[in-house]
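**Q** Can you read through this structure? Questions will come right after.
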Amino acid sequence: MEKTQIIQDVLALIQDLNRAFQSDKVGTADEQRFQHNLTETTRILSEAESVTNTELIAIEKFYRSTSFLVGLGDLRLSETSRQAWRAFDRYYYETIREELKLYGGSAIAQV
């Protein structure tokens, strides 16, 4: 897979998740954290010209923090948002984790 395609795919998945999430928000602290993660990761990936560890680690951080908020936090997703999250989750496991291994992994990817 072409490296820039990874950025485009992840960006599209995160933007889909963001659109679905906008109708779910009620203003909890975890929702604000999640929105910050969405916004920051979108910004980093939008500025990316190639796939480097910076982008992969940003994706990894987004995945880890969102997994925590969805699994153990107080973030409640609608069915539409949950489906968008699962699509990102599937892509992450099929593609991003492999790319992290190719780049030597990261401390947060070794868990």
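By my numbering, the letter at position 18 of the sequence shown is numbered 18, and the numbering carries on one by one without gaps.
Just so you know, even glycine gets a beta-carbon here, dropped at the ideal spot from N, CA and C.
Note that the structure is a prediction, hence the values are computed from the model and not measured.
(1) If contacts are defined as beta-carbon pairs under 8 Å, then ASP121 and THR39 qualify, I think. What distance do you get, rounded to the angstrom?
(2) Under the three-state reduction of DSSP, which class applies to ASP24: helix, strand or coil?
(3) Do the segment 20-34 and the segment 77-84 touch if we need at least three Cβ pairs shorter than 8 Å?
(4) Could you give the C-beta distance for VAL51 and THR4, rounded to a whole number, given that I count them as a contact under 8 Å?
(5) Assuming contact is defined by CB atoms lying nearer than 8 Å, are LEU13 and PHE88 in contact in what I supplied?
(6) In three-state terms, what does DSSP make of GLU49?
(7) Which residues in the same chain as ALA58 place their Cβ atom closer than 6 Å to its Cβ, once the five residues preceding and following it in sequence are excluded?
(8) What does the alpha-carbon distance come out to for the pair ASP30 and ARG97?
(9) Check ILE108 in the structure and name its three-state DSSP category.
(10) What are the boundary residues of the alpha helix (DSSP H) that TYR91 is part of?
(11) Relative to the C-alpha of ASP24, which residue among LEU77, ARG90, LEU100, TYR92 is closest?
**A** Reading off the structure:
(1) The first residue shown for the chain is 1 and the last is 111, placing residue 121 beyond what the model contains.
(2) Taking the first residue of the sequence shown as 1, we reach residue 24 at position 24. Reduced to three states, the DSSP call for ASP24 is coil.
(3) Cβ pair count under 8 Å is three or more, so yes.
(4) In the sequence shown, counting from the first residue as 1, residue 51 sits at position 51. In the sequence shown, counting from the first residue as 1, residue 4 sits at position 4. About 7 Å separates the two Cβ atoms, so the contact holds.
(5) Within the sequence shown, numbered from 1, the residue matching residue 13 stands at position 13. Within the sequence shown, numbered from 1, the residue matching residue 88 stands at position 88. Yes, these two residues count as a Cβ contact at 8 Å.
(6) As a first step, residue 49 must be located in the sequence shown, where it is residue number 49. In the displayed model, GLU49 falls within coil according to three-state DSSP, outside both helix and strand.
(7) The residue given as residue 58 occupies position 58 in the sequence shown. Once the five neighbours on either side are set aside, the close Cβ partners of ALA58 are THR41, ILE44.
(8) Taking the first residue of the sequence shown as 1, we reach residue 30 at position 30. Taking the first residue of the sequence shown as 1, we reach residue 97 at position 97. If I take the Cα positions, the gap works out to 25 Å.
(9) As a first step, residue 108 must be located in the sequence shown, where it is residue number 108. Low confidence applies here, because ILE108 scores a pLDDT of 49, under 50, leaving its location unreliable and the question unanswered by this model.
(10) Numbered from its first residue, the sequence shown carries residue 91 at position 91. Looking at the DSSP string, the run of the alpha helix (DSSP H) that includes TYR91 is 79-91.
(11) By 1-based counting over the sequence shown, the position of residue 24 is 24. Among LEU77, ARG90, LEU100, TYR92, the Cα nearest to that of ASP24 is on LEU77.
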